Amino acid sequence: MSDKRWPRSVYGVGSEPDARFSFANERTFLAWIRTGLGFVTASVAIVALTALRPELELEARIAALVLAITGVACGVNAFLGWARNERSLRQAKPLPSSPLMVVLVPVLVVVAVITVVLVL
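Below is the structure:
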């Protein structure tokens, strides 16, 4: 019986790993998706806060845009990371790291500072 799972670039290589590892990889994927949704939600909240301080509209729009872009990046990273990890599991190779983690901390710090300015 032929394996018809998609994407072939993941399921077409190596051998089937222990299901527990695939499930853990899937939970990591879902965590990245939740993180991305959190960034997008924060973006919407910051735009809503501009009603309190209209003179800071430009800063709020910049912060909201950065958060929305980061949310999209988290979603893309979720899928690409899942695929990289699953391929590594199937080939019994070490799991790769995620370059997005290095970007998230500075983005959070900058947006948090802008948000404090908006609220004060």
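One rule links them: number in the working numbering = place in the sequence shown (from 1) + 17.
Heads up, the beta-carbon is just placed ideally off N, CA and C, and yes, glycines get one too.
For clarity, every value in this text was computed on a predicted model and none was experimentally measured.
(request) Going by CA-CA distance only, name the one from 69, 135, 52 that's closest to residue 89. (result) Answer by Cα proximity: 52.
(request) Check whether the Cβ atoms of residue 85 and residue 50 sit closer than 8 Å, and answer yes or no. (result) At a Cβ-Cβ threshold of 8 Å, residue 85 and residue 50 do not count as neighbours.
(message) Rounded to the nearest angstrom, what separates residue 63 and residue 78 at their Cα positions?
(response) If I take the Cα positions, the gap works out to 8 Å.
(request) May I ask which residues mark the beginning and end of the alpha helix (DSSP H) holding residue 26? (result) Here the alpha helix (DSSP H) through residue 26 covers 25-28.
(message) Would the segment 31-42 count as touching the segment 95-109 if we require 3 or more Cβ pairs under 8 Å?
(response) Contact holds: three or more Cβ-Cβ distances are below 8 Å.
(message) Applying the 10 Å Cβ sphere with the 16-neighbour rule, what's the burial state of residue 26?
(response) Under this definition residue 26 is an exposed residue.
(request) Take residue 20 and list the residues in its own chain whose beta-carbon comes closer than 8 Å to its own, dropping the five residues that flank it on each side. (result) Closer than 8 Å at the Cβ level, and outside the excluded window around residue 20, lie 28, 29.
(message) For residue 18, count the other beta carbons within 10 Å of its own beta carbon; 16 or more makes it buried, fewer makes it exposed. Which is it?
(response) Bear in mind that the predicted position of residue 18 carries a pLDDT of just 49, short of 50, making it too unreliable to give a figure here.
(message) As a quick exercise: from 127, 82, 100, pick the residue whose alpha carbon is nearest that of residue 23.
(response) Checked all of 127, 82, 100; the closest Cα to residue 23 is 100.
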